[in-house]
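Enquirer:
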Amino acid sequence: MKTNERKYLEISTAHLKQKTFEGLNAMEPPYTYEYEEGVFISVPAQKETNISDMPKDLRILLQYAWINGIDLIRMDRDADVIDDIPVYDWEKRSE
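Using our numbering, the first residue of the sequence shown is number 5, and each one after it goes up by one.
#1: Alpha carbon to alpha carbon, what distance is there between Glu9 and Asp61?
#2: Let me confirm a value: Ala18 is counted as buried when at least 16 other C-beta atoms fall within 10 Å, else exposed. Which label applies?
#3: Hey, how far is the Cα of Leu20 from the Cα of Lys6?
#4: Does the beta-carbon distance from Leu28 to Glu40 come in below 9 angstroms?
#5: So for Leu66, helix, strand or coil by DSSP?
#6: Can you tell me whether DSSP reads Gly27 as helix, strand or coil?
#7: Under a Cβ-count criterion, where at least 16 other Cβ atoms within 10 Å of its own Cβ denotes burial, should Gly42 be classed as buried or exposed?
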């Protein structure tokens, strides 16, 4: 029997550079949905996605997802970091 189960990853927003994070959108892959503390990223099918023009930090994250069979990534500012993926410092913004 086939089920409709999917694998989900919760990970810190620090695994993307701030510029990359701010460039994510819902109009082109990987499709995203923003919320106040982060973003959901729908992991595209590997064989249907050309990542060569994507920023390196995003390519690393997608490759990690593909290797681990992950379908959805929840990036949250309060989530844990993963040792196998680079972490980036975000610039502080003045209010």
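Even glycine gets a Cβ: it sits at the ideal position worked out from N, Cα and C.
Fair warning: this is a prediction, and the values are worked out from it, not measured in the lab.
Expert: Working from what's here:
#1: 27 angstroms
#2: buried
#3: 34 angstroms
#4: no
#5: Helix, per DSSP.
#6: helix
#7: Gly42 counts as buried, since no fewer than 16 other beta carbons sit within 10 angstroms of its beta carbon.
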